[in-house]
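Visitor: Sharing a structure with you now.
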Amino acid sequence: MKKLLFAFIALVVLIAVGSVILFQLIKPAERLDLAYEPVKLESKAMQMFKDMSTELVLSEADVNNLAKESIARNPMYGPDVLITGARFRLLSENRLAADVNLKIKDRIPVGLTIVYRLKWASPNLTAEVQEASIRGVPLPADQFDDVVIPLGAELPKVVRIKDVSSNADGLKVSFRMPSASELRELIGGL
């Protein structure tokens with residue numbers, strides 16, 4: 006009987022220690038929020054066209070703000086999963102890393118990193134999940150949703166994005182050259 010009681014107490018202690026270790030592993034490494042500064046894409050595009058350029062480079066801060074704005078509109082990732090903070094970092098080869106803080110069932114804080122591949126499909130820049138991890142421990146990437154950044158929706162209708170590419174220095178947005186009538190409409194509207 007004493008052996009059974011000892012085994013039960015040892016099991017309870019092991020479960021408690023395991024729970025504490027698991028909680029320490031999954032909790033966010035840093036405090037993040039969803040605060041963002043609005044990015045004035047329309048004015049950046051107007052200046053680009055005044056300069057007769059067809060490329061616009063968005064900084065990592067611009068990309069971070071656009072992505073956080075998109076998430077802030079709907080921070081519920083799923084039923085019982087709330088995104089409480091995020092930070093986005095540009096990587097090489099059209100990749101984007103997101104450090105994300107979640108709260109599960111309004112009680113359990115989780116911090117994870119998701120790496121996305123960026124793809125342009127007008128009018129949205131879509132970030133497709135490539136890999137996910139919690140403090141370096143891999144998670145199945147297919148368990149996470151893609152992020153849609155409505156890049157083209159912020160622009161005047163005569164401005165059309167041709168392609169989007171990125172590296173660690175910034176996100177390069179290439180526009181198609183507008184026709185003469187579209188340029189007259191664009192300049193006349195200033």
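Using this note's numbering, the first residue of the sequence shown is number 6, and each one after it goes up by one. For glycine and all other residues, C-beta sits at the position ideal for the given N, C-alpha and C. Fair warning: this is a prediction, and the values are worked out from it, not measured in the lab.
Is there contact between the segment 134-146 and the segment 54-72, where contact requires at least three CB pairs shorter than 8 angstroms?
Guide: no
Visitor: What do you reckon, are the CB atoms on Arg92 and Leu37 nearer than 8 angstroms?
Guide: yes
Visitor: Report the start-end ranges of each beta strand (DSSP E) in the segment 52-86 that is 3 residues or longer and not cut off at the edges.
Guide: 60-63 and 81-83
Visitor: Classify Val164 as helix, strand or coil using the three-state DSSP reduction.
Guide: coil
Visitor: Spell out the partners DSSP gives Val115 in its beta bridges.
Guide: Leu107
Visitor: For Val1, is the classification buried or exposed, using 16 other Cβ atoms within 10 angstroms of its Cβ as the cut-off for buried?
Guide: Because the chain spans 6 through 195 in this model, residue 1 falls outside it and cannot be assessed.
Visitor: Examine the Cβ distances between the segment 149-158 and the segment 16-36 and report whether three or more of them are shorter than 8 angstroms.
Guide: With the cut-off at 8 angstroms, the segment 149-158 and the segment 16-36 do not touch.
Visitor: So Leu39 is in the alpha helix (DSSP H); what residue range does that whole segment cover?
Guide: No alpha helix (DSSP H) holds Leu39; DSSP gives it neither H nor E.
Visitor: Measure the alpha-carbon distance for Lys8 versus Ile20 and round it to whole angstroms.
Guide: 18 angstroms
Visitor: Can you tell me where the beta strand (DSSP E) with Phe180 in it begins and where it stops?
Guide: Per DSSP, Phe180 belongs to the beta strand (DSSP E) from Gly175 to Phe180.
Visitor: With a 10 Å radius around its C-beta and 16 neighbouring C-beta atoms as the bar for buried, classify Pro33 as buried or exposed.
Guide: buried
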